[in-house]
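Contents: one structure, followed by commentary.
In the numbering used here, the protein residues as written are 786 to 1508.
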């Protein structure tokens, strides 16, 4: 491969940028089909109980109404898969299945009309009577159910008793919601007996499998399109209720149906990040070396999830505590609390974002208790192996991340005493935390076709994988342009079509690591075949000339990535170090993050521009997690309070400081042929703990409950004054 043409790792423009800024990129809600009808939904006014009566008379008399669906007339649907690896439903019970109500906002009726306004008006005229029963929506107000305990190691209890230093702390995080910019939307229509769906989804093949099962169809009779998705952060993994109901209504009416959720419906009916209560117990020698760690988590599930150990998802907070630091004695216990809320789902870095909030916060507390620099404490407990499995990391450069981050941030100038650093009327605090996320990949296929026109050779890259706005179009174009020595503009990428070669769900920071090696493998196949048509091994010939010599109009190959081919003797993990500066005005309890430095080891970077965007975006996500975001529910009625983008607070430009991100040039060749790992989620990890540690350094107040609001900080300061 000619190094002069090498593009992997360098900066580059987004190949889909032109389509997006000119409005030509078509998202699900943009799809307009002939004779299109529009859906609206009525959500339950109670959080627990059952529907007694539904009077649709007023809705039926409203203008433009075509169809009203309730549990009385929805019709049969097949069983929905839930965690079998082929697809996921947010609820194994199909929507409008019966009169039971499990959370506020649960769909109790669907109206389809000629326009969205007519559908919404008609839905508002449906009268429902309920038989409510008391609801529980607070994780601290219900009994927990014990999940199977995670395998531990050593004897943590004995080590805890014998250790000279111990720490026992409780950290909490609230219900939080992914809130993608693009609302959840679907257009469904039937072409003969085949179902065609345009959906805002992370997984076209998951949609296809679930809808095929629901309607008793073979997979090849369901087509899913998602060429552009406007963000997700985990909230579009499951095939949602509105997608199923749009398909039901389209079949009933014999015309396409569009369903676009309102923002408050997204916040009520799409799975959020679960609330957590995490008890961290640490034991250490006097030099700070850990000898015992116990992590006890309570998180919430939905009352209709089924028994928790059969639930395919719970917030996996212990995924980081068990592996990050060298500690011979460890135990993790996880309890779940059934609540009358929508079933929790995936949200960016599930488990890592919440688990590191507690673990790294506790590590900072241990450092303060010992009088050890927080960075030095982490270095003393650093492990070059996965502490749980014992496997060495194939590529691990965490120490370098610490060292480079500390130098870029100026950590050596930190005065360790709380309240020792000031600027004007504000206290200044510095904090740090470790960032980490597993290196994930899955089975994937990519087809690359090489063709020619009057301007020479060009390539068409195709896979069912979905770009959520994170840069997959560009990553695949870069890999193929590099492998085939083509200009980037001569590579066209097709994504998000269930008829294309199979790809896994876009989630877990896995897709680039899965698809980029497959694309490269397809290109290498093409190169080998075409180079076989040279007259001698040293001949330099254009691809078009070799195609003509072979008598071929075009040539194509399918490359594959197989997860089972990844060597099992290693562990695969990305790491990073987050350094944060805050300014706190003590009279107001106002926290401003004024500087962030993040250094990451994510293997080979495919496209520097996209990677930088992803890492900065993850850190901004962490700012929201730490300082702003919480979805609050009225404890009496179970109603989500402020369930829109004016009430659910997210970071805006004024909240975002200068963010300095960089990464190590350290490919992980054992993981895949490109040595790349995902960078979409690691940016959020560790941010919350770093900010909280900086707040403690600035004020002397330790806040262990997210979000860190002025009210909580002022309450902590008042408590200190009373002591």
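For each residue, glycine too, the CB sits at the ideal point set by N, CA and C.
- About 12 Å separates the beta carbon of residue 1365 from that of residue 1493, a gap too long to meet the 8 Å contact definition.
- Distance from the Cα of residue 1333 is smallest, within the candidate group 1276, 1426, 1236 and 1295, for 1236.
- Annotation: the continuous beta strand (DSSP E) that includes residue 1008 extends over 1007-1010.
- If you check the CB distance, residue 1030 and residue 1044 come in under 9 Å.
- Sorting 1459, 1283, 1329 and 977 by C-alpha distance to the C-alpha of residue 1306 places 1459 at the top.
- As computed with DSSP, residue 1446 is found in a beta bridge with 1383.
- In this model, residue 1169 and residue 1351 are separated by some 19 Å (Cα to Cα).
- For residue 997, same chain residues with a beta-carbon under 6 Å away, outside a window of 5 residues either side, are 1004 and 1007 in chain order.
- Here the C-alpha atom of residue 825 lies approximately 12 Å from the C-alpha atom of residue 910.
- Under the three-state reduction of DSSP, residue 1299 is assigned to helix.
- Below 8 Å, enough C-beta pairs join the segment 877-885 and the segment 848-867 to call them touching: three or more.
- In the DSSP annotation of this structure, residue 1476 is not part of any beta strand (DSSP E); the continuous alpha helix (DSSP H) holding it starts and ends at 1472-1484.
- Listed in chain order, the beta strand (DSSP E) elements of length 3 or more contained wholly in the segment 790-838 are 822-828.
- Excluding residues up to 5 positions away in sequence, 1326 and 1331 lie with their Cβ nearer than 8 Å to the Cβ of residue 1319 in the same chain.
- In the assembly as shown, residue 1431 is an exposed residue. Its beta-carbon has fewer than 16 other beta-carbons within 10 Å.
- For residue 1219, the enclosing beta strand (DSSP E) has its first and last residue at 1211-1223.
- For the pair residue 879 and residue 1068, the Cα-to-Cα distance works out to about 48 Å.
- In this structure, 1210 is the residue among 1339, 1457 and 1210 with its C-alpha nearest to the C-alpha of residue 1371.
- Residue 1491 and residue 1142 do touch by the CB rule: their CB atoms are close to 7 Å apart, below 8 Å.
- By the criterion of a C-beta distance shorter than 8 Å, residue 812 is surrounded in its chain by 967, 970, 985, 1013, 1014 and 1015, once the five residues flanking it on both sides are discounted.
- The continuous alpha helix (DSSP H) containing residue 1265 extends over residues 1257-1269.
- Closest by C-alpha distance to residue 989, out of 958, 872, 1101 and 937, is 872.
- Straight through space, the alpha carbons of residue 1196 and residue 1208 are spaced by roughly 17 Å.
- With contacts defined by Cβ atoms closer than 9 Å, residue 1245 and residue 1279 form a contacting pair.
- Counting along the chain, no beta strand (DSSP E) covers residue 1052; the unbroken alpha helix (DSSP H) around it starts and ends at 1048-1054.
- If you draw a straight line from the Cα of residue 1227 to the Cα of residue 1274, it comes to about 29 Å.
- Taking the C-beta atoms as reference points, residue 1388 is found no nearer than 9 Å to residue 1231.
- Here DSSP, grouped into helix, strand and coil, assigns residue 1003 to coil.
- Per DSSP, residue 1358 is one residue of the beta strand (DSSP E) stretching across 1358-1370.
- Rounded to whole angstroms, the gap between the alpha carbons of residue 1247 and residue 1285 is 6 Å.
- Between residue 851 and residue 894, the C-beta spacing is not below 9 Å.
- Residue 1100 sits away from residue 1123, with the two beta carbons spaced by 9 Å or more.
- Taken atom to atom, the span from the alpha-carbon of residue 1414 to that of residue 949 is near 38 Å.
- Secondary structure at residue 1179: coil, using DSSP grouped into helix, strand and coil.
- Taking every protein chain shown into account, the CB of residue 1501 has 16 or more other CB atoms within 10 angstroms, so this residue is buried.
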